[in-house]
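Data block below; observations after.
The structure is reproduced here in structure tokens:
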């Protein structure tokens, strides 16, 4: 049974009150791509713009001082959310993608050379693949991938075998897969990687919205996540790094804010965290992110995770019961509220379009996991992803609509033509 009062929670999200195609009430199941924003986040950002916005850190006037306090308070809220040891370990970036790129360019360029290995999972999002390919092009290192088995799982034994054989310089993996929904044992795999001398980066973009994160318990060198997936604004994310690691890394972006001194001969960098926050930072976005993290913390991350497990299990069981539907992911007990699936004879984009006609918003495509889809021999999947404001009735509505898709297209035999539309990042 869910521990959340979804009726109360839904009142905090204005967009959930609207109707969409054909006058149907919106059923928003595209949360793995981006969540919706509660009033608390919108109001916190509005208050800043309306009452005290100014640039931070260097202004000697009231608005700048108030903005600086709010911005640095947001950093402290983020530190608490992650249980980091120091606010100096919290770097605000443009998102998960920007955070991983920062590590690949700064730590990677300084520490990786020809012949080194970057080890990833085959299920990684492109944000945790492309920066390492770029690093390989610059340094001559190589990128290797751990495969999934026939049950869409990765065992400890498989991870150990790849660590033993490849001795990677970096092991970078997602805490939870945005396509499979799999939740991986971060603390255990990090410990295994440590025994092989590997540096560890955790992509927590799909974990931070749904479960309690303790970076000190995880013991990874870097942890990253995005604001827009935790009910916060777009355009902001977080790079957590152990202080000693960040101190040793060269600054990535150069400009104002990240310097202590600039001369015609060169420059000296600021201390952490400003060292990695060049230019005007995402001030209002950080304030909105802090409001989102406080909102989720008040509800309780364990309660959110339990609620999503209930919905995810309901969706998983219902999809598997529909003839011609194949769930792309492990069993419900090994994943969260994400269910990707294919319907025999029907392209995922047709599935999504049909569901939209019933008011159900899902994602369709490769979900920025093309290597995973290629390894499975699947061009595209439909993905329904639940969050704290979704309900069992909404899941049942999804299942009924999927059953109707199967019945409609099975009768018509219709298949999508081979033209491939552009897929936005998710």
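Residue numbers (my numbering): 1008 to 1433. A virtual CB, placed ideally from N, CA and C, is assigned to each residue, including glycine. Since the structure is predicted, the reported quantities are computational estimates derived from the model, not experimental observations.
If you draw a straight line from the alpha carbon of residue 1131 to that of residue 1070, how long is it in whole angstroms? Distance between the alpha carbons of residue 1131 and residue 1070: 42 Å.
Using 8 Å for Cβ pairs, my map puts residue 1336 next to residue 1188. What's the rounded Cβ distance? Indeed they touch by this definition, with Cβ atoms about 5 Å apart.
Assign residue 1058 to buried or exposed, taking buried as 16 or more other Cβ atoms, counted over all protein chains shown, within 10 Å of its Cβ. Exposed.
In the DSSP assignment, the beta strand (DSSP E) including residue 1020 goes from what residue to what residue? Residue 1020 -> no beta strand (DSSP E), and no H or E assigned at all.
Rounded straight-line distance, which links the Cα of residue 1230 to that of residue 1416: Distance between residue 1416 and residue 1230, taken at the CA atoms: about 43 Å.
Can you tell me whether residue 1295 is buried or exposed? The criterion is at least 16 other CB atoms within 10 Å of its CB, across all chains shown. With 16 or more other Cβ atoms within 10 Å, it is buried.
Is it buried or exposed for residue 1213, if we count other Cβ within 10 angstroms and need 16 for buried? Of the residues assessed, residue 1213 falls on the buried side of the cut-off, its CB having 16 or more other CB atoms within 10 angstroms.
Buried versus exposed call for residue 1120 [16 or more other C-beta atoms within 10 Å across all chains shown]: Exposed.
Nearest-angstrom Cα distance between residue 1087 and residue 1209? For residue 1087 and residue 1209, the distance between alpha carbons rounds to 18 Å.
Any idea what DSSP makes of residue 1372, helix, strand or coil? Residue 1372 sits in a strand when the DSSP states are folded into three classes.
State the CB to CB distance for the pair residue 1434 and residue 1315, rounded to an integer number of angstroms; the pair is presumed to be in contact (CB under 8 Å). The structure shown does not extend to residue 1434, since the chain is modelled only from 1008 to 1433, so the question has no answer here.
Which listed residue (1407, 1204, 1317) has its alpha carbon closest to that of residue 1123: Measuring from the Cα of residue 1123, the nearest candidate turns out to be 1204.
Where does the unbroken alpha helix (DSSP H) through residue 1244 begin, and where does it stop? Looking at the DSSP string, residue 1244 is not in any alpha helix (DSSP H); the run it does join, the beta strand (DSSP E), is 1244-1248.
What residue from 1228, 1379, 1102 has the CA that sits closest to residue 1154's CA? Of the candidates 1228, 1379, 1102, the one whose C-alpha sits nearest the C-alpha of residue 1154 is 1379.
If you measure between the beta carbons of residue 1099 and residue 1257, is that distance less than 8 Å? The Cβ atoms of residue 1099 and residue 1257 do not sit closer than 8 Å to each other.
Which residues bound the alpha helix (DSSP H) around residue 1382? Its alpha helix (DSSP H) spans residues 1377-1383.
Helix, strand or coil for residue 1276? Go by DSSP, reduced to three states. Residue 1276 falls in the strand class under three-state DSSP.
Based on DSSP bridge pairs, tell me the residues matched to residue 1177. Its beta-bridge partners are 1125, 1206.
Spatial neighbours of residue 1252 within its chain, please: C-beta separation below 6 Å, excluding the five flanking residues on both sides. Once the five neighbours on either side are set aside, the close Cβ partners of residue 1252 are 1228.
Would you call the region 1061-1080 in contact with the region 1034-1046, where contact means no fewer than 3 C-beta pairs closer than 8 Å? Cβ pair count under 8 Å is below three, so no.
Taking CB distances under 8 Å as the criterion, tell me whether residue 1295 reaches chain B. Reference to chain B is not applicable here, since this structure consists of a single protein chain.
DSSP-derived helix/strand/coil call for residue 1151: Strand at residue 1151.
Candidates 1182, 1055, 1011, 1283: which alpha carbon is nearest residue 1262's? The shortest Cα separation from residue 1262 among 1182, 1055, 1011, 1283 belongs to 1283.
Less than 7 Å between C-beta atoms, sequence neighbours within five positions excluded: which residues of the same chain meet that for residue 1369? Only residues of its own chain outside the window of five on either side were considered, and among them 1036, 1037, 1359, 1362, 1389, 1390, 1391 have a CB closer than 7 Å to the CB of residue 1369, listed in chain order.
Going by DSSP in three states, residue 1259 sits in which element: helix, strand or coil? Residue 1259: coil per DSSP, three-state reduction.
What does the alpha-carbon distance come out to for the pair residue 1180 and residue 1107? Between the alpha carbons of residue 1180 and residue 1107 lies a distance of about 11 Å.
Would you mind sorting residue 1374 into buried or exposed? The rule is 16 or more other CB atoms within 10 Å of its CB. Under this definition residue 1374 is a buried residue.
Please classify residue 1131: does DSSP put it in a helix, a strand, or coil? DSSP places residue 1131 in coil when its eight states are reduced to three.
Please report the distance separating the alpha-carbon of residue 1330 from that of residue 1411. Rounded to whole angstroms, residue 1330 to residue 1411 spans 11 Å at the Cα level.
Look up residue 1001 in the DSSP assignment and say whether it is helix, strand or coil. Past the edges of the chain, shown from 1008 to 1433, lies residue 1001, and the structure says nothing about it.
Whole-Å CB distance - residue 1046 paired with residue 1396, under 8 Å assumed: Contact between residue 1046 and residue 1396 does not hold, since the beta-carbon distance rounds to 12 Å and is not under 8 Å.
Neighbour-count burial assignment, residue 1093, 16 or more Cβ in a 10 Å radius: It is exposed - the Cβ of residue 1093 has fewer than 16 other Cβ atoms within 10 Å.
Given 8 Å as the limit, is there contact between the region 1140-1154 and the region 1164-1173, that is, 3 or more CB pairs closer than that? Segments in contact, yes.
Range covered by the alpha helix (DSSP H) that runs through residue 1046: For residue 1046, the uninterrupted alpha helix (DSSP H) segment begins and ends at 1046-1054.
Which residues in the same chain as residue 1109 place their Cβ atom closer than 7 Å to its Cβ, once the five residues preceding and following it in sequence are excluded? Correct list, in chain order: 1100, 1246, 1259, 1283.
With a 10 Å radius around its C-beta and 16 neighbouring C-beta atoms as the bar for buried, classify residue 1147 as buried or exposed. The residue is exposed, with fewer than 16 neighbouring Cβ atoms inside 10 Å.
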